[in-house]
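Here's the structure, in structure tokens; my notes come after.
2 protein chains.
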Amino acid sequence: MKYNEAKDKFIQTWGTLGSSWGISRTMAQVHALLLISPDPLSAEEIMEDLKISRGNANMTIRDLIDWGLVYKELRAGERKEYFKAEKDIWKVAKQIIKERRKREIEPVLGVLEELKQMEGNKTDKKHKALVDAVTNIEGVVEKADFALERAIKLDENALVGALFKLFK
Amino acid sequence: MKYNEAKDKFIQTWGTLGSSWGISRTMAQVHALLLISPDPLSAEEIMEDLKISRGNANMTIRDLIDWGLVYKELRAGERKEYFKAEKDIWKVAKQIIKERRKREIEPVLGVLEELKQMEGNKTDKKHKALVDAVTNIEGVVEKADFALERAIKLDENALVGALFKLFK
DNA sequence: TTTTATTTTCAATTTATTTTGAAAGTTCAG
DNA sequence: CTGAACTTTCAAAATAAATTGAAAATAAAA
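Going down the list, the protein sequences come from chains A and B. Position 10 (the first sequence) corresponds to 10 in this note's numbering; numbering is contiguous. Position 127 (the second sequence) corresponds to 295 in this note's numbering; numbering is contiguous.
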């Protein structure tokens, strides 16, 4: 496989993965393109490379910036804007999880809290089943939060360990 | 809030969450309905409750069964099939992760392996950036796998601990 | 075997999402 | 100011995804 085929395959694979996880295919593709670009790209270059319209490129880049995955870079004496992606995939993963939690999970947790306050006979089978499901879901969110924290700590410790080895 | 409002809100909230994670809104709603049903439901009941067609109900239920989230129940002397959901949300979460890994992540890992074999000058900036991104992604998948394993073990240990306390 | 209850399939339709592109907006140099 | 270089917006169009419903298939009962 030549570089260009590999590049296209990477972009298309990332796009498919994104779209199966509820991220627009184009957004994932722009992200993929920036991930493998050694240098920042302009909107023009992104449009041309992925064959998308200016409007689409603009909106997609804005979304990626809002998600904290892409940075804008201005060059002295140039009006055009350039964009580069965060290349550390572990940081990217943490950032995506953080954003998805905030945007998609937290509003649900709010609703679940309300639901638990529902009036009515707490010993009714249906009433109880709903409260049980809600409580159970909240518990799993806690477990997931804890697992993430542990994974982050483990990574930080590994980093400290590696640095320590270097300087010992 | 009355039970029926709470029920509807739960179903609609779960549907919205599912659809933002790339699961069809209806599939998530059927799942939600079964999660809070104390007793198994027939296709008829699901259709009526969620106001969906027979075809849609049938396909959605089949998908949920394929995902390992819903079980079919046959009753002696009755032709109709009934469906019930796995109620333990931690099991549900593990099952969803397992399925998504198999269906969506593993094929990507296969492609990434191929991409690393790409021919060409390994010192070329663009070539190197692609290989770096791929390697980096593979590393994060490993971290995620490990974090999940640790979370599962932690949960199992907590269970053993609780049982031990009971019988000590 | 025939009838009846039930499930499954899938082409056609509907609905939701994404994309385009041209006009409006912005910003800065001259 | 004015115009050139660029970015942003958003209604309309295109595309993709979900849904329907009726016909076909299946399977138990008569």
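Note that beta-carbon positions come from the ideal geometry of N, C-alpha and C, so glycine has one too. None of these values were measured; they are calculated from a predicted model.
For residue i, count the other beta carbons within 10 Å of its own beta carbon; 16 or more makes it buried, fewer makes it exposed. Which is it?
i, result
"residue 244 of chain B", "exposed"
"residue 179 of chain A", "Chain A is shown from 1 up to 168; residue 179 of chain A falls before or after that span and cannot be answered."
"residue 335 of chain B", "exposed"
"residue 303 of chain B", "exposed"
"residue 123 of chain A", "exposed"
"residue 332 of chain B", "exposed"
"residue 70 of chain A", "buried"
"residue 253 of chain B", "buried"
"residue 278 of chain B", "exposed"
"residue 112 of chain A", "buried"
"residue 158 of chain A", "exposed"
"residue 183 of chain B", "buried"
Are the CB atoms of residue i and residue j nearer to each other than 7 Å?
i, j, result
"residue 138 of chain B", "residue 246 of chain B", "Nothing about residue 138 of chain B can be reported from this structure: the residues present for chain B run from 169 to 336 only."
"residue 137 of chain A", "residue 257 of chain B", "yes"
"residue 190 of chain B", "residue 20 of chain A", "yes"
"residue 83 of chain A", "residue 40 of chain A", "yes"
"residue 261 of chain B", "residue 140 of chain A", "yes"
"residue 108 of chain A", "residue 60 of chain A", "no"
"residue 225 of chain B", "residue 214 of chain B", "yes"
"residue 267 of chain B", "residue 235 of chain B", "yes"
"residue 115 of chain A", "residue 178 of chain B", "yes"
"residue 120 of chain A", "residue 171 of chain B", "yes"
For residue i, which of the options has the nearest alpha-carbon?
i, options, result
"residue 299 of chain B", "B/285, B/252 and B/253", "B/285"
"residue 313 of chain B", "B/279, B/273 and B/281", "B/273"
"residue 64 of chain A", "A/32, A/39 and A/16", "A/32"
"residue 255 of chain B", "B/183, B/321, B/279 and B/203", "B/203"
"residue 218 of chain B", "B/175, B/234, B/242 and B/329", "B/175"
"residue 322 of chain B", "A/156, A/157 and A/150", "A/150"
"residue 143 of chain A", "B/184, B/333 and B/316", "B/316"
"residue 263 of chain B", "B/294, B/180, B/288 and B/320", "B/320"
"residue 5 of chain A", "B/295, B/328, B/194 and B/230", "B/295"
I need the DSSP call for residue i, collapsed to helix, strand or coil.
i, result
"residue 244 of chain B", "coil"
"residue 221 of chain B", "coil"
"residue 81 of chain A", "strand"
"residue 69 of chain A", "coil"
"residue 210 of chain B", "strand"
"residue 181 of chain B", "helix"
"residue 97 of chain A", "helix"
"residue 204 of chain A", "Examination of residue 204 of chain A is not possible in this model, given that chain A is present from 1 through 168 alone."
"residue 215 of chain B", "helix"
"residue 132 of chain A", "helix"
"residue 306 of chain B", "helix"
"residue 117 of chain A", "coil"
"residue 18 of chain A", "helix"
"residue 228 of chain B", "helix"
"residue 195 of chain B", "helix"
"residue 292 of chain B", "coil"
"residue 311 of chain B", "helix"
"residue 36 of chain A", "coil"
"residue 170 of chain B", "coil"
Worksheet entry | Residues of the stretch 132 to 148 of chain A whose Cβ lies closer than 8 Å to any Cβ of chain B, in chain order | 132, 133, 134, 136, 137, 139, 140, 143, 144, 146, 147 and 148
Practice prompt. Please name the residues in the stretch 38 to 52 of chain A whose beta-carbon is closer than 7 Å to at least one beta-carbon of chain B, in chain order.
Written response: 38
Worksheet item: What residues in the stretch 61 to 73 of chain A have a beta carbon less than 8 Å from any beta carbon of chain B?
Response: Listed in chain order, the positions of the stretch 61 to 73 of chain A with a beta carbon within less than 8 Å of a beta carbon of chain B would be empty, since no residue qualifies.
Practice prompt. With 9 Å as the C-beta to C-beta threshold (strictly closer), list the residues of the stretch 188 to 199 of chain B near chain A in chain order.
Written response: Sequence-ordered contacts of the stretch 188 to 199 of chain B with chain A read 188, 189, 190 and 191 [C-beta pairs closer than 9 Å].
Worksheet entry | Interface residues of the stretch 115 to 126 of chain A facing chain B [CB-CB below 8 Å] | 115, 117, 118, 119, 120, 124, 125 and 126
Worksheet item: Going along the chain, which residues of the stretch 259 to 276 of chain B sit with their C-beta nearer than 9 Å to a C-beta in chain A?
Response: 260, 261, 268, 271, 272, 273, 275 and 276
Worksheet item: What residues from the stretch 316 to 336 of chain B come within 8 Å of chain A, judged by C-beta to C-beta, listed N to C?
Response: 316, 318, 319, 322 and 323
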